[in-house]
Ligand code: A2P
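In our numbering, the protein residues as written are 68 to 403.
This is the structure in structure tokens:
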């Protein structure tokens, strides 16, 4: 029988993308239960041509559920995932709650699908930057082990949720009308601006929580526990696709042509690398696309040894960075 599926956080930005992915990929669904906060109870959301009622999440929401896709923040995951597992569901959790738990696989199917097999009821979906970056890094890393990574990110509003996307729209409109706008969701003006990622700052190290997550998760997904990573995460006024500049040092010199060939045939990737037309990965072309875009492939002049390559990557934060990856994990579960 087709699995009975629950979506926790169905009314959020990722929740909406989950519904889109499940429909677009014709994921088999016996019954669909949409869960959110009591504020949303009674609303309906369209799915496959029907309106489905949203229910308030409780411990009893998971009776008879086979697959629970969580995307309502880590507090909700910590509080309710156990109830879902208890009820017999497998949880695919989009929050950071369990990502570093050694008993919970952290999975990007193109990179480490086999890790799914060890699950004990919960599988973690990675941070959006870690998921998008590792899709691009894995084909290179398989051929030539990565020894060091430098990353600078250009992150979209969607990672901060539907309300942040709306704040970007409204603050931009206000700016263009010449009106003042007081930010409520994000800590700084977003229109025609950019700022250091709004995750909580660790005053000791000077790194914010986003940067620390990306480093830890990238190491775990690539299975290089001590990988040295240099990182700066920045929010840019883009709605839903993250971009990132990567500088990748390998254990030996790697020719640009070889790297290009490795990326060209790799799953989940599309090479966008047209020097003649100055056409490289852009959020505008990554938005709505399942594939992660990779290009601007070149030798990194900062390392005269030839062991370091530079590249630029863009991926849809709500798709490969969240909902699509979760649905791909669910598809693998279904096949087993
Ligand atoms: P709601 O719309 O009812 O607030 P986003 O990341 O886009 O902000 O979405 C967050 C998601 O998490 C929404 O679906 C939101 O539902 C849901 N959510 C927030 N708080 C709770 C809660 N206490 N119980 C269940 N769902 C929640």
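Ideal placement from N, C-alpha and C gives every residue a C-beta, glycine not left out.
With 16 or more other CB atoms across the displayed protein chains lying within 10 angstroms of its CB, residue 311 is buried. Excluding the 5 residues flanking it on each side, residue 244 has no same chain C-beta neighbour closer than 6 Å. For residue 103, the closest alpha carbon among the candidates 94, 91, 268, 119 is that of 119. For residue 346, the CB contacts under 7 Å within the same chain, skipping 5 residues up- and downstream, are 339 in chain order. If you look at residue 81, you'll find it in the alpha helix (DSSP H) that goes 80-91.
The shortest C-alpha to C-alpha distance from residue 337 to any of 361, 215, 212 is the one to 361.
Three or more Cβ pairs drawn from the stretch 186-194 and the stretch 149-166 lie within less than 8 Å of each other, which places the two stretches in contact. Taking each of 247, 221, 251, 220 in turn and checking the Cα distance to residue 230, the smallest one comes out for 251. Excluding the 5 residues flanking it on each side, residue 287 has same chain C-beta neighbours closer than 6 Å at 173, in chain order.
Collapsing the DSSP output to three states places residue 129 in a helix.
In this structure, DSSP gives residue 153 a helical state, which the three-state scheme calls helix. Sorting 387, 374, 373 by C-alpha distance to the C-alpha of residue 350 places 387 at the top.
For residue 136, same chain residues with a beta-carbon under 6 Å away, outside a window of 5 residues either side, are 74, 85, 159, 393 in chain order. Distance from the Cα of residue 331 is smallest, within the candidate group 214, 359, 320, for 359.
With respect to the 8 Å criterion, residue 380 and residue 334 are not classified as neighbours on the basis of their beta carbons. With a minimum length of 4 residues, the unbroken runs of alpha helix (DSSP H) contained wholly in the stretch 181-230 fall at 195-210. In the three-state scheme derived from DSSP, where H, G and I count as helix and E and B as strand, residue 138 is classed as coil. Residue 76 and residue 112 have their C-alpha atoms roughly 12 Å apart.
Secondary structure of residue 289 (DSSP, three-state): helix.
Judged by pairs of C-beta atoms under 8 Å, the stretch 309-329 does not touch the stretch 94-108, as fewer than three such pairs exist.
Residue environment for residue 295: exposed (fewer than 16 other C-beta atoms within 10 angstroms of its C-beta).
Closest by C-alpha distance to residue 128, out of 284, 100, 298, is 100. The beta carbons of residue 373 and residue 366 sit closer together than 8 Å. In its chain, beyond the 5 residues on either side, 296, 298 have a beta carbon closer than 7 Å to the beta carbon of residue 282. Not one heavy atom of the ligand A2P lies closer than 7 Å to the C-beta of residue 236. Across the set 144, 277, 391, 169, the C-alpha of 169 shows the shortest separation from the C-alpha of residue 292.
Counting only residues of its own chain and dropping the five nearest sequence neighbours on each side, residue 239 has a CB closer than 6 Å to the CB of 258. Remark: the C-beta of residue 78 is in contact range of the ligand A2P, defined as less than 7 Å to any heavy atom. The three-state secondary structure of residue 311, taken from DSSP, is strand.
The closest heavy atom of the ligand A2P lies 7 Å or more from the beta carbon of residue 109.
Taking residue 185 as the centre and dropping the five residues before and after it, the same chain places the C-beta of 172 closer than 6 Å to its C-beta, in chain order. With respect to residue 222, residue 302 sits close: the two C-beta atoms are nearer than 8 Å.
Distance from the C-beta of residue 104 to the nearest heavy atom of the ligand A2P is below 7 Å. In this structure residue 399 is not in contact with residue 91, their Cβ atoms being roughly 17 Å apart against a cut-off of 8 Å.
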